Amino acid sequence: MRNRSKLLACAILLFVLLQFLPATAVAGDQEFHSLVDRVSAYYQKRPMRFMGLLGFVANRFTPPGVGHLQMAIFEGIPSFRTPPGEELESSLEGLVGPGYQPFVRVHDNRSGDLSVIYVRESGEKSFEMLIVSIDSTDAVLMKMQLNPDAMRDWMDEPVEKGKGSGHRGGSSAGK
Amino acid sequence: MNATQGRIYIKPALILFGAMLLGAFSPPAFGQNPKLDIKNLEPLAKKASEVVDVNLDGALLKLASKFMTSEDDQEGLGIIKNLKGIYVKNFEFDKPGEYSQADVEAIRGQLQTPSWSRIVSAQSKHEGETTEIYLMTASDGGTVLGMAIINAEPKELTVVNIVGPIDIDKLSALEGKMGIPRLGEKVKESSKKPEDHHEKQK
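Chains as they are written, first to last, in my numbering: chain A, 1 to 175; chain B, 176 to 377.
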């Protein structure tokens, strides 16, 4: 009985906290959901569950200047949907939609991991970064908002930061 | 003059006229395009353990210029606002000797045209590092239209291509940024006249 009360209290607290999310984040969610739906249709796979909750928790631990982190992970994607090289990249560009500029592309031959980092302007002084990281079995989508300082860090060291993105270092993407 | 003889005389005239037309309608920068075909390095990608491509084309450079607001950035901003693109290709290898000089020829070959001049070739025998800097200048000899940097280390190869007018004196403001390697004294010690080729040993 006590456990159930605790769970209920946590759920209420989470619900209340979600109400305080900025409106822009909610609008961004809709766009990200539509991107996830497109990727989902492409891979004919649903993303892992509870990603929204994971993103909400991850947002508490993002580096300075990085916020509105959203992510989706697709596991066990069919290998015929991950053709090598340029073919995959052109499929990706069709999926991410207009507005995003491909900025950094990292291909790790050891793991077969391909990460493409897209950027676009978002409002007056904010930037949106979309990281798509794919290996032979999994795909990860991460979208985040960067303030000018965080974006400047990326522009200063795109090679080093690009190497830190993707499956192995995705969590460090905004650092 | 019979019909066959007429055709013989007309043919060279037609070829000459065609060549003149091509000359008239081809862009003036033909053969002077500072953008390198970095895709030529694709075979090297198979040998590398990791390949990183950075593409900062016009739209992204415009984006970058928006957050270069501090006083320290003003020099860098002055350079990038005129640029058309910065392209970086970085290859990392598991062990030394996995790529040869012949592999780099795919890029060097493009820099052998008269409009490109090598202004720096620096070698560090101790670290096994070689840096070459090339400039493309306009036919007036003054305006720099583009730049190429080849930085070869035993386990890493980086090619940087900067497209657009560059003030070589201000280039240091972009060192270590946007994937451009730190050139240190290499540029400063080189001649500001691209015609003079300087070779130096560290």
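From the three backbone atoms N, C-alpha and C, an ideal C-beta is built for every residue, glycine too. Keep in mind that this is a model prediction, so the values were computed, not measured.
Nearest CA to the CA of Ala-239 of chain B: which residue from B:Gly-253, B:Val-226, B:Asp-228 and B:Val-227?
Position 64 of the second sequence, counting from 1, holds the residue named residue 239 of chain B. Considering only alpha carbons, the answer is B:Gly-253.
Count the other CB atoms, across all protein chains shown, that sit within 10 Å of the CB of Pro-22 of chain A; report buried if there are 16 or more and exposed otherwise.
By one-based count along the first sequence, residue 22 of chain A stands at place 22. Residue confidence for Pro-22 of chain A is low, a pLDDT of 45 falling below 50, so the modelled location carries little weight and cannot support an answer.
Interface positions of the region 226-252 of chain B facing chain A (Cβ-Cβ less than 7 Å), listed along the chain:
Val-226, Val-227, Asp-228, Val-229, Asn-230, Ala-234, Leu-235, Leu-238, Ala-239 and Phe-242
Ignore the nearest five residues each way along the sequence and tell me which others in Leu-349 of chain B's own chain have a CB closer than 7 Å to its CB.
Numbered from 1 along the second sequence, position 174 holds the residue referred to as residue 349 of chain B. Within the same chain, Leu-349 of chain B has close Cβ partners Gly-251, Ile-254 and Ile-355.
With a cut-off of 8 Å, does the C-beta of Val-104 of chain A fall near any C-beta of chain B?
Locating residue 104 of chain A in the first sequence gives position 104, counting from the first residue. Cβ-Cβ to chain B under 8 Å: yes for Val-104 of chain A.
Just the C-alpha distance for Met-353 of chain B and Ala-323 of chain B, rounded to the nearest angstrom, thanks.
On the second sequence, residue 353 of chain B is found 178 positions in, with the first residue counted as 1. On the second sequence, residue 323 of chain B is found 148 positions in, with the first residue counted as 1. Distance between the alpha carbons of Met-353 of chain B and Ala-323 of chain B: 14 Å.
Thinking C-beta only, is Val-132 of chain A closer than 8 Å to Met-71 of chain A?
The sequence position of residue 71 of chain A within the first sequence is 71, counting from 1. The sequence position of residue 132 of chain A within the first sequence is 132, counting from 1. Not closer than 8 Å, so no.
Cβ neighbours of Val-104 of chain A in the same chain (closer than 7 Å, five flanking residues each side left out)
For the purposes of this step, residue 104 of chain A is taken as residue 104 along the first sequence, with counting starting at 1. Same-chain partners within the cutoff: Ile-117, Pro-158 and Gly-162.
Starting from Pro-115 of chain A and walking both ways along the beta strand (DSSP E), at which residues does that stretch end?
Indexing the first sequence from 1 puts residue 115 of chain A at position 115. Just to set this straight, residue 115 of chain A is Ser in the shown sequence, not Pro. Element bounds for Ser-115 of chain A: 113-121.
Reducing DSSP to helix, strand and coil, say where Gln-298 of chain B ends up.
One-based indexing of the second sequence puts residue 298 of chain B at position 123. Gln-298 of chain B falls in the strand class under three-state DSSP.
Mind reading off the beta-carbon distance from Glu-267 of chain B to Ser-224 of chain B? Whole number of angstroms is fine, and I expect it under 8 Å.
Counting from 1 along the second sequence, the entry for residue 267 of chain B is found at position 92. Counting from 1 along the second sequence, the entry for residue 224 of chain B is found at position 49. Their Cβ separation, rounded to whole angstroms, is 6 Å, which keeps Glu-267 of chain B and Ser-224 of chain B in contact under 8 Å.
List, in chain order, every chain A residue whose beta-carbon is nearer than 9 Å to that of Ser-224 of chain B.
Within the second sequence, the letter at position 49 stands for residue 224 of chain B. Per Cβ cutoff of 9 Å: Asp-108, Asn-109 and Arg-110.
Buried or exposed, going by whether 16 or more other CB atoms sit within 10 Å of the CB of Ala-313 of chain B?
Start at 1 with the first residue of the second sequence, and residue 313 of chain B comes out as number 138. That one is exposed.
Spatial neighbours of His-107 of chain A within its chain, please: CB distance less than 6 Å, with the 5 preceding and 5 following residues excluded, ordered by chain position.
Position 107 of the first sequence, counted from the first residue, corresponds to residue 107 of chain A. Leu-114, listed in sequence order.
Apart from the five residues just before and just after Ser-339 of chain B, which ones in its own chain have a Cβ nearer than 8 Å to its Cβ?
Position 164 of the second sequence, counting from 1, holds the residue named residue 339 of chain B. It should be noted that the sequence gives Gly, not Ser, for residue 339 of chain B. Result list for Gly-339 of chain B: Pro-209, Asn-257, Leu-258, Lys-259, Gly-260, Leu-320 and Gly-321, in chain order.
Arg-283 of chain B, enclosing alpha helix (DSSP H) - first and last residue
By one-based count along the second sequence, residue 283 of chain B stands at place 108. Run containing Arg-283 of chain B: 276-283, per the alpha helix (DSSP H) assignment.
What would DSSP say about Ser-126 of chain A, mapped onto helix, strand or coil?
Taking the first sequence and counting its residues from 1, the one referred to as residue 126 of chain A is at position 126. Correct three-state label for Ser-126 of chain A: coil.
What residues of chain A sit near Asn-265 of chain B, judged by a beta carbon separation below 8 Å?
As a position in the second sequence, residue 265 of chain B is number 90, starting the count at 1. The answer, in chain order, is Val-159.
Element boundaries [beta strand (DSSP E), containing Met-311 of chain B]
Taking the second sequence and counting its residues from 1, the one referred to as residue 311 of chain B is at position 136. Looking at the DSSP string, the run of the beta strand (DSSP E) that includes Met-311 of chain B is 304-312.
What number of angstroms, rounded off, separates the C-alpha of Pro-289 of chain B from the C-alpha of Asn-215 of chain B?
Locating residue 289 of chain B in the second sequence gives position 114, counting from the first residue. Locating residue 215 of chain B in the second sequence gives position 40, counting from the first residue. So the alpha carbons of these two residues sit roughly 20 Å apart.
Pull up the distance between the alpha-carbon of Pro-203 of chain B and that of Ser-111 of chain A, whole angstroms please.
Here residue 203 of chain B refers to the residue found at position 28 when the second sequence is read from its first residue. Here residue 111 of chain A refers to the residue found at position 111 when the first sequence is read from its first residue. Any answer about Pro-203 of chain B is weak, because its pLDDT of 41 lies below 50 and its placement is not dependable; what the coordinates show is given next. Using only the alpha carbons, I get a separation of about 45 Å.
State the DSSP-derived secondary structure class of Ala-323 of chain B, mapped to helix, strand or coil.
As a working note, residue 323 of chain B is residue 148 in the second sequence. If DSSP states are grouped into helix, strand and coil, Ala-323 of chain B belongs with the strands.
Under the rule that 16 or more other beta-carbon atoms within 10 Å means buried, what is Pro-47 of chain A, buried or exposed?
Taking the first sequence and counting its residues from 1, the one referred to as residue 47 of chain A is at position 47. The residue in question, Pro-47 of chain A, is buried, as its Cβ has 16 or more Cβ neighbours within 10 Å.
Going straight from the alpha carbon of Asp-269 of chain B to that of Leu-219 of chain B, what length do you get?
As a position in the second sequence, residue 269 of chain B is number 94, starting the count at 1. As a position in the second sequence, residue 219 of chain B is number 44, starting the count at 1. Distance between the alpha carbons of Asp-269 of chain B and Leu-219 of chain B: 13 Å.
Just the chain B side, please: which residues come within less than 8 Å of Pro-148 of chain A by C-beta, in chain order?
The residue you call residue 148 of chain A lines up with position 148 of the first sequence. What Pro-148 of chain A touches in chain B: Lys-241, Phe-242 and Thr-244.
Tell me whether Gly-233 of chain B counts as near the ligand COA, meaning its Cβ is closer than 7 Å to at least one heavy atom of that ligand.
This structure lacks the ligand COA; in fact it carries no ligand of any kind.
How about the region 226-234 of chain B and the region 288-304 of chain B: do they share at least three Cβ pairs that are nearer than 8 Å?
no
List the endpoints of the continuous alpha helix (DSSP H) containing Arg-152 of chain A.
Along the first sequence, read from residue 1 onward, the residue named residue 152 of chain A stands at position 152. Per DSSP, Arg-152 of chain A belongs to the alpha helix (DSSP H) from 148-156.
Please state the DSSP three-state secondary structure of Ala-72 of chain A.
In the first sequence, residue 72 of chain A corresponds to position 72, counting from 1. Reduced to three states, the DSSP call for Ala-72 of chain A is strand.
To the nearest angstrom, how far is the alpha carbon of Lys-221 of chain B from that of Lys-264 of chain B?
For the purposes of this step, residue 221 of chain B is taken as the residue at position 46 of the second sequence. For the purposes of this step, residue 264 of chain B is taken as the residue at position 89 of the second sequence. Cα-Cα distance, rounded: 14 Å.
Taking the C-alpha atoms as reference points, what is the distance between Pro-64 of chain A and Ala-150 of chain A?
Here residue 64 of chain A is taken as the residue at index 64 of the first sequence, counted from 1. Here residue 150 of chain A is taken as the residue at index 150 of the first sequence, counted from 1. Each residue's alpha carbon lies about 7 Å from the other.
Taking Cβ-Cβ distances shorter than 8 Å, what residues in chain A pair up with Met-353 of chain B?
Looking up residue 353 of chain B in the second sequence gives position 178. Within 8 Å Cβ-Cβ: Met-155, Asp-156 and Pro-158.
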